Each structure stands twice: as structure tokens, then as C-alpha cells.
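Visitor: Numbering that gives the first Met the number 0 applies: residue 0 is where the sequence shown begins, and numbers increase by one.
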Amino acid sequence: MVASRKKNPKTCMLEPVCEPFGLIIFGASGDLTRKKLIPAVFSLYSRGMLPERFFILGAARTPFKDEEFRKHLSEGISEKEGKAEFLKHIYYSSVDYQRPESYKNLKSTLQRLEKKIKTQKRRLFYLAVPPVLTENIVQSLGENSLIKNLPDVRVVIEKPFGWDLESARALNRTLLKYLTEEQVFRIDHYLGKETVQDILLFRFANSIFEPIWNRNHIEHIQITASETIGVGERAGYYDKAGIIRDMFQNHIIQLLSLVAMEPPACFEPKRIRDEKVKVFRSLRQMSKKEVPEYTVFGQYIRNRIDGEVIPGYRDEPGVKKDSKTPTFAAMKVFIDNWRWQGVPFYLRSGKRLQKRITEVSVHFKTVPHSIFKDIVSGDIKPNVLIFRIQPDEAIELTFQTKIPGTKLCFRDVVMNFSYRDYGTELPDAYERVLMDCLRGDHLLFVGQEGVEIAWEFFTPVLEFLEKSKRLVLFHIHDYKAGTWGPWEAEEFIKKDGYQWWVK
Ligand code: BG6
Numbered sequence: 000m001v002a003s004r005k006k007n008p009k010t011c012m013l014e015p016v017c018e019p020f021g022l023i024i025f026g027a028s029g030d031l032t033r034k035k036l037i038p039a040v041f042s043l044y045s046r047g048m049l050p051e052r053f054f055i056l057g058a059a060r061t062p063f064k065d066e067e068f069r070k071h072l073s074e075g076i077s078e079k080e081g082k083a084e085f086l087k088h089i090y091y092s093s094v095d096y097q098r099p100e101s102y103k104n105l106k107s108t109l110q111r112l113e114k115k116i117k118t119q120k121r122r123l124f125y126l127a128v129p130p131v132l133t134e135n136i137v138q139s140l141g142e143n144s145l146i147k148n149l150p151d152v153r154v155v156i157e158k159p160f161g162w163d164l165e166s167a168r169a170l171n172r173t174l175l176k177y178l179t180e181e182q183v184f185r186i187d188h189y190l191g192k193e194t195v196q197d198i199l200l201f202r203f204a205n206s207i208f209e210p211i212w213n214r215n216h217i218e219h220i221q222i223t224a225s226e227t228i229g230v231g232e233r234a235g236y237y238d239k240a241g242i243i244r245d246m247f248q249n250h251i252i253q254l255l256s257l258v259a260m261e262p263p264a265c266f267e268p269k270r271i272r273d274e275k276v277k278v279f280r281s282l283r284q285m286s287k288k289e290v291p292e293y294t295v296f297g298q299y300i301r302n303r304i305d306g307e308v309i310p311g312y313r314d315e316p317g318v319k320k321d322s323k324t325p326t327f328a329a330m331k332v333f334i335d336n337w338r339w340q341g342v343p344f345y346l347r348s349g350k351r352l353q354k355r356i357t358e359v360s361v362h363f364k365t366v367p368h369s370i371f372k373d374i375v376s377g378d379i380k381p382n383v384l385i386f387r388i389q390p391d392e393a394i395e396l397t398f399q400t401k402i403p404g405t406k407l408c409f410r411d412v413v414m415n416f417s418y419r420d421y422g423t424e425l426p427d428a429y430e431r432v433l434m435d436c437l438r439g440d441h442l443l444f445v446g447q448e449g450v451e452i453a454w455e456f457f458t459p460v461l462e463f464l465e466k467s468k469r470l471v472l473f474h475i476h477d478y479k480a481g482t483w484g485p486w487e488a489e490e491f492i493k494k495d496g497y498q499w500w501v502k
């Protein structure tokens, strides 16, 4: 069943950026730059969204000449018309993040490029570095007069923002010492995904769902973000971070806030941030002791799938042989407010699971009384509304129908709106967020307060994982790579009378 209207426009695009700029990427030799940022900038460039005058200055420890750096990046972007021209906009300056002289060199390179390309001091610093380095870099940029008192400077920080509540607070303090909140962009690329943005449109541009969007009609909500990939070459970061810092404190909790928030008075960054903060403040805080009751953790182990051996987490290069870092978590949370009192939100994410899929499913209550109970055996299935964030982006609603025939039998069917029906490729999340940074639009970014409260909420979970070594041994369960996580996660939801929707 297709619910799209064919006559609607296929795409709806922002105006190109017209002011010249310099994009300075810290952590430029890393994976994120090569695989996500540069391809996103190239895509914007080839679609004519960037001004003629711009430059990208990569900064990282690895020594590169400009040409070598261009070659390194070139391998990560598709062969398209304009690629050679695009690469000419890219430069490199090697930086030792801890050494003040490095920033002096960087400053003179930057000033030289600004003079040559005439971008004035319109600078976008993108910090794609591990969180331990972020504060130090901001501090050095501040002390070397690279950001301070320059109104056209913006600083973009990749997640995780800080490592825990303390470091997030310290980072925020340092940022605000040199910049205004308006100049800071805390990126959570999930917010740049088309379907994530559509949650708000769906909820607040349609009048029929809002009246039932509450505890009176909704039984429970599930959010799953499952990945088939393992940690790959990111063990150095991941083995310290784990699934809670990597996915829950940011992507998952952001999704939760969009599903659960109250309607803001208008579609304005500050109003939306305020509503999200209210959701975070209403999360029922668990104590460290309660963590085992509300969570299940797992770590993937070796498995053979279709003849191929998939290594276990502890066999991955760079992972400690006795690592207790969880690569899977399932969690039950409650939001203590009038709308959501008593409605459980089940959150789940993991690496090396069976399928790559991110989905939010809203499970409505079953009918209060079945008039069919004497005629039809079995339960009437409740309606489920699904936001498929990726892949096969879609919104679906399940409902009951009668199977054609003389006997009365039910079947649940799906009404489906697929983004594929637009017949156009969805823009990449990084393209969208980069474009918004350049335009100074904060709608898809995370505010200081939201970040800190999210850390506060996860602090007992992290303390449990990192400070209760013996307990953790019993609470991190093995799961075979390529499955749906530990068996305990199935039991966890089953004991409440539900099952995972995505499987
Ligand atoms: C990143 C995490 O933020 O998100 C990665 O650090 C994860 O571990 C990735 O793989 C998932 O993003 P996406 O867009 O592929 O769902």
C-alpha cells in the first residue's frame, strides 16, 4: 500500500552558500575526514552549493605535503566531474596538538590562505578528534587568537562531547571562554538524517496523531540502532568508549527526545532545544545499583557465517584481550511526566548484529474489548507506527484487515510510505549538517544543556560499567557475531510481555 502523492515535488533544497570560507579540519588524517567529511563537502561542491572562493585546511599529526594529502583524500571520493578542481581547494598543515609552535605555524598558513583566497576571517573549525583532545585544541585556538573575538568564526565539535559529565562541563566552559554559544556547533550526525528530521514533521504537521501520542494510547516505544559492522580500525577509541558513549549518550537519546518531546511553539532551534531538554530532565534517573535491572550488555564473540569467520570483539586489532567493553546494550527507560508516565521506552543498539537497521516503533494499546472474541481465536494485534530511519527509509503503520473469504479471519497489513517513492537520492547526513554550520543554522545541533543532562543520565550506567568490575563480569553477556545480541536481551523485554520489533 503506497501512501505517497506522486505530484509533490521530488526534492526541496536550500539555497547555495555564497560567502567565501575556510574550513579547517582537525583530525584530518582520520577516517571520519576521509570517509564522511570530504565526500560530503565534495558532494556539496559538485551540486553547486559552495561559493567559488573556499579552502579546506587539514590539520593532524601525520606529516603530509599538500599533494600527498590530496591524494590520500582522493581515494575516498567518487570519480566525478570536477574532482581534480575540487582537490585544488585542499591544503594541509601538520600539527602536534600539544605544542604551541604548531598553532603558530597553523596560524600563519591560515592567514596566507585567507589572503590568497580572500575568505576574510570566515573560519569554520571542525574538530574531528578524540574527545580527550578537544578541550586542549579549543584552548590553544583561543590563546593563539585564532577564534577569540572573531564573530565569523564557528567551531564544530564531533561527538562524544567530552568523556563524561565532568569533562563535558569543562569543555563547555572552555568553549564559552572564547566563543558565544551561537558560534558552537555540537554535531550529532543522526539529526542530519532525513528520516530523523521527519519525526518532527510527522508529529507536528499532522493533526491526527498528536491526540493519541501519550500514555492513554501508547503501550510502549522501541528504538533500535543495529549495525553489522564491528569496531574495524577504531579499537583505540571504541575500547575506551563502548556502546553507551558511542551510541546511547548521543544518537539514541536524541531520537528518544524527538519522539517524546512536547510540541514547541515554533520550529526554531532554541525552542526545539528547550523541549528536548525538558524530556531529558524528565528521564527517570536510575541509581548505579539499579543499572542491572534496567539494562543488558553484551560483547560479540567469534562466529562463522556462510563459511566466513567473523572475529570476536577481543580478537579485533587494538582491543585488549580481557576487555569488558560492551558492544551491545539494551535498556528500559521511563519519562516521568504527564504524557509518558508508565510507558516504557526500550532502547537497543549494538555492533555485529544480524542486520543494519535503525528504527523507532511506537506500539499502541490493544483494543479495550474484542467484539470478535467468540468468532476469531487469537489476539487482535495492536497497531504499530514505524519510523525506519535507515536503510529503506520509510514510515509504516500496521493495522488489522479481514482476509477475503466467507470466514471471518484477521490479518495485519502495513500501510507504507517509502522515501524511495520520491525517486531521488537522500542527502547524506554530513552534507546537511555541514551546510547548516556554514549557514549558521542551529536547528540540527545539540545545545550545551542537553549534552550535560544526557551525561548526567548515563553517569550511573558508566560508573556501573567502569567501576564495578566484578559485577560487570556477570552482566556483560557474550553474543555470537551476526545474531541479535545476547539471549538475555530477548528475555529482558519478554518478561514485560513484549518482544523486539526489529528482528
Ligand atoms: C557513529 C559511531 O557516531 O555512528 C559509530 O561512532 C557508528 O560507531 C556510527 O558506526 C553509525 O552511524 P550511521 O550513520 O552509519 O548509522
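Think of the CB as a built atom: it goes at the ideal place given N, C-alpha and C, for glycine as much as any other residue.
All values reported here derive from a predicted model rather than from experimental measurement.
Measure the alpha-carbon distance for A39 versus L13 and round it to whole angstroms.
Guide: Each residue's alpha carbon lies about 15 angstroms from the other.
Visitor: Quick one: Cα of I334 to Cα of F63, how far?
Guide: Distance between the alpha carbons of I334 and F63 is about 50 angstroms.
Visitor: Can the beta-carbon of F41 be found closer than 8 angstroms to that of I136?
Guide: Contact flag unset, no.
Visitor: Ordered along the chain, which non-local residues of its own chain (more than five positions away) have a Cβ less than 8 angstroms from that of D273?
Guide: So the list reads P263, once near-sequence residues are dropped.
Visitor: Just mark E157 as buried or exposed, buried being the case when its beta carbon has 16 or more other beta carbons within 10 Å.
Guide: Per the 10 Å Cβ criterion, buried.
Visitor: For the beta strand (DSSP E) containing E218, list its first residue and its last residue.
Guide: From DSSP, the beta strand (DSSP E) with E218 extends over I217 to S225.
Visitor: Answer yes or no: the CB of T118 versus the heavy atoms of the ligand BG6, is any distance below 7 angstroms?
Guide: Result no, Cβ not under 7 angstroms from the ligand BG6.
Visitor: Return yes when the C-beta of E490 is under 7 angstroms from any heavy atom of the ligand BG6, and no when it is not.
Guide: Not so, every heavy atom of the ligand BG6 lies at least 7 angstroms from the Cβ.
Visitor: Quick check: is any heavy atom of the ligand BG6 less than 7 angstroms from the C-beta of Q389?
Guide: Because some heavy atom of the ligand BG6 lies under 7 angstroms away, the Cβ of Q389 counts as near it: yes.
Visitor: In angstroms with no decimal places, state the Cα-to-Cα distance between T365 and N382.
Guide: Whole-angstrom Cα-Cα distance: 8 angstroms.
Visitor: Return the residue from the list P129, E489, E78 and K82 that minimises the CA-CA distance to L31.
Guide: Looking at the Cα atoms, P129 is the closest of the given residues.
Visitor: Enumerate, from N- to C-terminal direction, the unbroken beta strand (DSSP E) stretches of 3 or more residues contained entirely within the stretch 42-128.
Guide: Within the stretch 42-128, the complete beta strand (DSSP E) runs of at least 3 residues are 53-59, 89-93 and 122-126.
Visitor: Can E226 be considered in contact with the ligand ATP, in the sense that its beta carbon sits closer than 7 angstroms to one or more heavy atoms?
Guide: Summarising the ligand content, the structure contains the ligand BG6 and does not contain the ligand ATP.
Visitor: Whole angstroms are fine: how far does the CA of W212 sit from the CA of D440?
Guide: Answer to the nearest angstrom: the Cα atoms are 29 angstroms apart.
Visitor: Identify whether G496 lies in helix, strand or coil by the three-state DSSP scheme.
Guide: Coil at G496, not helix or strand.
Visitor: Quick one, which of A27, N104 and K147 has its alpha-carbon nearest R122's?
Guide: Ranking A27, N104 and K147 by Cα distance to R122 puts K147 first.
Visitor: Going straight from the alpha carbon of P426 to that of T400, what length do you get?
Guide: The straight-line gap from Cα to Cα measures roughly 36 angstroms.
Visitor: Would you say the beta carbon of K158 comes nearer than 7 angstroms to a heavy atom of the ligand BG6?
Guide: It does: the Cβ of K158 is within 7 angstroms (strictly closer) of some heavy atom of the ligand BG6.
Visitor: To the nearest angstrom, how far is it from the Cα of S486 to the Cα of G496?
Guide: The question names Ser, but residue 486 is Trp in the sequence shown. For W486 and G496, the distance between alpha carbons rounds to 16 angstroms.
Visitor: Among the candidates V258, Q196, Y177 and I243, whose CA atom is the shortest distance from the CA of F208?
Guide: Among V258, Q196, Y177 and I243, the Cα nearest to that of F208 is on V258.
Visitor: Go through its chain and collect everything with a Cβ distance to S92's Cβ below 7 angstroms, but skip five positions before and after it.
Guide: The residues are L56, A58, N104, L105 and T108.
Visitor: Check whether the Cβ of D427 lies closer than 7 angstroms to any heavy atom of the ligand BG6, and answer yes or no.
Guide: Not so, every heavy atom of the ligand BG6 lies at least 7 angstroms from the Cβ.
Visitor: By DSSP, does R4 sit in helix, in strand, or in coil?
Guide: Confidence is the limiting factor: at R4 the pLDDT is only 48, short of 50, which leaves the residue's position unreliable and the question unanswerable from this model.
Visitor: What's the gap between the Cα of L49 and the Cα of F68?
Guide: L49 and F68: Cα-Cα distance of roughly 21 angstroms.
Visitor: Report whether the distance from the Cβ of T324 to the nearest heavy atom of the ligand BG6 is below 7 angstroms.
Guide: Checking the Cβ of T324 against the ligand BG6 gives no.
Visitor: For G191, which residues from the same chain have a beta carbon less than 6 angstroms from its beta carbon, with the 5 sequence-adjacent residues on both sides left out?
Guide: The answer, listed in chain order, is A428, R431, V432 and L443.
Visitor: Considering Cα atoms alone, identify which of K331, K70, A127 and E78 is closest to V342.
Guide: When only C-alpha atoms are compared, the closest one is K331.
Visitor: Does the separation of the CB atoms of I220 and F371 fall below 8 angstroms?
Guide: Not a contact, by the Cβ cut-off of 8 angstroms.
Visitor: The ligand BG6 heavy atoms versus the CB of H250: any closer than 7 angstroms?
Guide: Checking every heavy atom of the ligand BG6 against the Cβ of H250, one is found closer than 7 angstroms.
Visitor: Please classify V131 as buried or exposed, where buried requires at least 16 other C-beta atoms within 10 Å of its C-beta.
Guide: The residue in question, V131, is exposed, as its Cβ has fewer than 16 Cβ neighbours within 10 Å.
Visitor: With a threshold of 8 angstroms on Cβ separation, who are the neighbours of I116 within its own chain once the five nearest residues in sequence on each side are excluded?
Guide: For I116, where only same-chain residues beyond five positions count, the Cβ hits under 8 angstroms are P19, G21, R52, F53 and F54.
Visitor: Below 8 angstroms CB to CB, which residues in the same chain sit around W500 once its five sequence neighbours on both sides are set aside?
Guide: Excluding sequence neighbours, W500 sits near Q221, T223, E358, S360, H362, V383 and I385.
Visitor: Measure the C-alpha to C-alpha separation of F327 and Y299 and round it to an integer number of angstroms.
Guide: Taking the straight line joining both Cα atoms gives about 8 angstroms.
Visitor: Measuring straight from C-alpha to C-alpha, what distance separates A488 and E66?
Guide: Taking the straight line from one Cα to the other gives about 50 angstroms.
Visitor: Is any heavy atom in the ligand BG6 found nearer than 7 angstroms to the beta carbon of H71?
Guide: For the ligand BG6, not one heavy atom lies less than 7 angstroms from the Cβ of H71.
Visitor: Would you check if the distance between the CB atom of V504 and the CB atom of Y125 is smaller than 8 angstroms?
Guide: Residue 504 falls outside the range modelled here, since the chain spans only 0 to 502, and no answer is possible.
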